[in-house]
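Take a look at the structure below.
2 protein chains.
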Amino acid sequence: MPKNCNFIEKLREVGLRPTKQRVKMCEVLFNREKTFHFTINDLVKLLSEKMNQKISLATVYNTVHAFEKKGYLKEISIDSHKSYFDTNTSAHHHFFDEDTHELIDCDESDIDKINIRKNITGKKINSVEVLVRVASDNQTQK
Amino acid sequence: MPKNCNFIEKLREVGLRPTKQRVKMCEVLFNREKTFHFTINDLVKLLSEKMNQKISLATVYNTVHAFEKKGYLKEISIDSHKSYFDTNTSAHHHFFDEDTHELIDCDESDIDKINIRKNITGKKINSVEVLVRVASDNQTQK
DNA sequence: ATCTACATTATAATAATTCTAAACTATTGA
DNA sequence: TCAATAGTTTAGAATTATTATAATGTAGAT
């Protein structure tokens, strides 16, 4: 049984038609050990260069957003100039390497539980996320 | 002594020429009790509607970025679709109201100190910021 | 096999931001 | 004071990221 079958099933489960393009994108995004952080641009490049799969840019946008809506992907706000997505959809924190522009997931144990003392009346907390910006430690940095 | 003098001096101190446009923007941004969160769009509207000051869009971008570089403003990443700026340039956390798209500063006492257990070798921590997303608490929400 | 609803595609449209090059202005110092 | 000059503003063009459109294609149901 080829591994694609998993993706076909998973797509069907959430009500997304398992089209050629979506299955291909699943392979690129979810056949990984570690979580994957990417921009739409990264993904288009990966698909065309590594997978030799020409998918229209509009489809990549549509599909990424479909995946996001169905909980397969999560959008991360780090840089107002581009959208990052994360294959790890659980609530978790990030390190952001300002030298390489690389995102790194935090494990649960990396950051102690955040204690929030303030309450906004009539509002409930949807998420609490920490972003730790890091950069090169040497003296000669800019 | 008109209050503008302060801004003229301040601009000069950091090496920015105190032009008419910059001083006007200072008045809009920094003559406030509370910190101010805004997008470029908000600012352009404020300048033209409230202050009756027509400033070219390019100048608003230039000036906001000049202020940011000199530490007068801080950019906040919340929404990948627009850039928010904050007149509070110290390290601090935010609430983000997902209903109104409003940003609210946290006081020091609102969130306990964040304890980071992980170390990225060769990298130092530049900042640690928490974003708490809140939304309406009622049952009938979307 | 056929139908229908949903997907994909190329391309156009939009929105946010940056670039360009000409006109303008604050500062310097003769 | 006044010109020189270096930095600034401006309108508009260019660029980039993203979304909309409308025609064509395809998965799933009958």
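Chain order of the listed sequences is A and B. Here the first sequence is numbered in this note's numbering, starting from 1 and rising by one per residue. Here the second sequence is numbered in this note's numbering, starting from 1001 and rising by one per residue. Note that the Cβ used here is the ideal one computed from N, Cα and C, for glycine as well.
DSSP state of residue i mapped onto helix, strand, coil
i                      : result
residue 135 (chain A)  : strand
residue 1104 (chain B) : strand
residue 116 (chain A)  : strand
residue 1124 (chain B) : strand
residue 110 (chain A)  : helix
residue 9 (chain A)    : helix
residue 1098 (chain B) : coil
Contact list for residue i against chain B, beta-carbon separation under 7 Å
i                    : result
residue 95 (chain A) : 1120
residue 98 (chain A) : 1126
Chain A contact residues for residue i, given Cβ-Cβ distances below 9 Å
i                      : result
residue 1110 (chain B) : 116, 117 and 118
Contact list for residue i against chain B, beta-carbon separation under 8 Å
i                     : result
residue 106 (chain A) : 1118
Cβ distance (whole Å) where residue i is taken to contact residue j below 8 Å
i                      : j                      : result
residue 1107 (chain B) : residue 123 (chain A)  : That belief does not hold up - the Cβ atoms of residue 1107 (chain B) and residue 123 (chain A) are roughly 17 Å apart, past 8 Å.
residue 1070 (chain B) : residue 1016 (chain B) : 6 Å
residue 78 (chain A)   : residue 131 (chain A)  : 7 Å
residue 216 (chain A)  : residue 96 (chain A)   : Look at the range of chain A in this structure, 1 to 142, and you will see that residue 216 (chain A) is not part of it.
residue 143 (chain A)  : residue 1114 (chain B) : Outside the shown range of chain A (1 to 142) lies residue 143 (chain A), about which nothing can therefore be said.
residue 63 (chain A)   : residue 22 (chain A)   : 6 Å
residue 80 (chain A)   : residue 1083 (chain B) : 4 Å
residue 102 (chain A)  : residue 135 (chain A)  : Their Cβ separation, rounded to whole angstroms, is 11 Å, which puts residue 102 (chain A) and residue 135 (chain A) out of contact at 8 Å.
(request) Check each residue of the segment 117–139 of chain A: if its Cβ is closer than 7 Å to any Cβ of chain B, include it; give the result in chain order. (result) 117, 118, 120, 122, 123, 124, 125, 126, 127, 128, 129, 130, 131, 132, 133, 134, 135, 136 and 137
(message) If we require 4 or more residues per run, which alpha helix (DSSP H) segments fall completely within the segment 1012–1091 of chain B?
(response) 1020–1030, 1040–1045 and 1057–1069
(request) Compile a chain-ordered list of the residues in the segment 70–84 of chain A whose CB is closer than 9 Å to at least one CB of chain B. (result) 75, 76, 77, 78, 79, 80, 81, 82, 83 and 84
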